[in-house]
Structure formats: C-alpha cells, structure tokens
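Student: Before I ask anything, here is the structure I am working with.
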Amino acid sequence: MIKERDFWTFLLLSFITCGIYQIFFWISFANDVNKVCEGDGQYTEDYLTAFFLSIITCGIYGIIWFYRLSKRLNYNAERFGIPVEISSDNILIMMLLGYFVATLSNYLAFYFIINEANDIFSLYNRSY
4 MIKERDFWTF LLLSFITCGI YQIFFWISFA NDVNKVCEGD GQYTEDYLTA
54 FFLSIITCGI YGIIWFYRLS KRLNYNAERF GIPVEISSDN ILIMMLLGYF
104 VATLSNYLAF YFIINEANDI FSLYNRSY
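Here the sequence shown is numbered in the numbering used here, starting from 4 and rising by one per residue.
Right, here's the structure in full:
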C-alpha cells in the first residue's frame, strides 16, 4: 500500500525542519512513484542524487528533476485514465519562476505534483 501525502503537512514540516523534511519526503516520494508507475519504461532517479547535482548546478538540475517527475506523472495519469490537472510544461514554468523571481511558485508546483501523484496512488491502492 502506497501512502498518500498531504501537501499542507509537507509544507508545515518543511518549514519547521528548515527544509530537511523535504529531502526525506522526495526520496520516499520518488521510490513510491517508481513502484506505482512500474512498467511505463521510465525511472525516477533517487532524489538524493538530484539534490546533490542540484547544488553543483546551482539549482538547474532540481528543476529538470521535477519536470521529469511531473512529465512521468502526467503520462501515467493518462495511462490509468485519470484526468491531468496541470501539464508538466506548466510545472516547468512554475519552477523557473521560482528560480528566477524567487516566488512561491515552486510550492504551487509541488502542490500539483503531490495531488496528481495522490490520484495515481489512490487508484493503485484500490487495485492491490
């Protein structure tokens, strides 16, 4: 059974732990996405690797990682017959805005990513 995640809990715990919770959250999240989306011919790499590569590339790799994650979730939502709330291109735009303008649009992107994954996780849990 895959645990569905609450965005507001994610946001609160990320704030309380000064971002440390986010690292553990995305590691677990990526593992669950790999399990649920198995058979689509794609693989979401470990977030810890993405985290360190993001530091080396001044955040660029993190944007790419979230874009790929969103694209994979979009593909699998369609594969499972779940309507896609927001495209991965829009997620990319939100992440770029957060990077260049320092807005909270990253968290808006996280909200959509988590919600779309929860829809897929819910369907997966019902089938197992």
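By construction, the Cβ of each residue, glycine as well, lies at the ideal position given by its N, Cα and C atoms.
(1) If we call anything under 8 angstroms between Cβ atoms a contact, is residue 64 one with residue 57?
(2) Hey, how far is the Cα of residue 91 from the Cα of residue 37?
(3) Can you find the residues in the same chain that come closer than 8 angstroms, C-beta to C-beta, to residue 116, ignoring five residues on each side of it along the sequence?
(4) Taking 7 angstroms as the cut-off, is the beta-carbon of residue 6 closer than that to any non-hydrogen atom of the ligand ADP?
(5) Report yes or no: do three or more beta-carbon pairs, one from the stretch 40-54 and one from the stretch 9-21, lie closer than 8 angstroms?
(6) Measuring CA to CA, which of 59, 27, 62, 60 is closest to residue 50?
(7) So, helix, strand or coil for residue 45, using DSSP?
(8) Which whole-angstrom value is the C-beta distance of residue 118 and residue 81, which I expect to be below 8 angstroms?
(9) Alpha carbon to alpha carbon, what distance is there between residue 66 and residue 5?
(10) Would residue 101 be called buried (16 or more neighbouring beta carbons within 10 Å of its own) or exposed?
(11) Leaving out five residues on either side along the sequence, give the residues of the same chain with a beta carbon under 8 angstroms from the beta carbon of residue 25.
(12) Note down the Cα distance separating residue 44 from residue 35, rounded to an integer number of angstroms.
(13) State the Cα-Cα distance for the pair residue 85 and residue 9, rounded to the nearest angstrom.
Tutor: Taking the geometry as given:
(1) Yes. Within cutoff.
(2) The alpha-carbon atoms of residue 91 and residue 37 are separated by roughly 17 angstroms.
(3) Once the five neighbours on either side are set aside, the close Cβ partners of residue 116 are 69, 72, 73, 76, 94.
(4) With respect to the ligand ADP, the structure offers nothing, as it holds no ligand at all.
(5) For the pair of segments examined, the stretch 40-54 was found not to touch the stretch 9-21: the number of CB pairs separated by less than 8 angstroms stays below three.
(6) Measuring from the Cα of residue 50, the nearest candidate turns out to be 27.
(7) Here residue 45 sits in coil by DSSP.
(8) In this structure, residue 118 and residue 81 do not form a Cβ contact; the two beta carbons are roughly 16 angstroms apart against a cut-off of 8 angstroms.
(9) Roughly 25 angstroms separates the two Cα atoms.
(10) Flag for residue 101 reads buried.
(11) Same-chain partners within the cutoff: 13, 17.
(12) Their Cα atoms are separated by approximately 15 angstroms.
(13) Take the alpha-carbon of residue 85 and the one of residue 9: they are about 19 angstroms apart.
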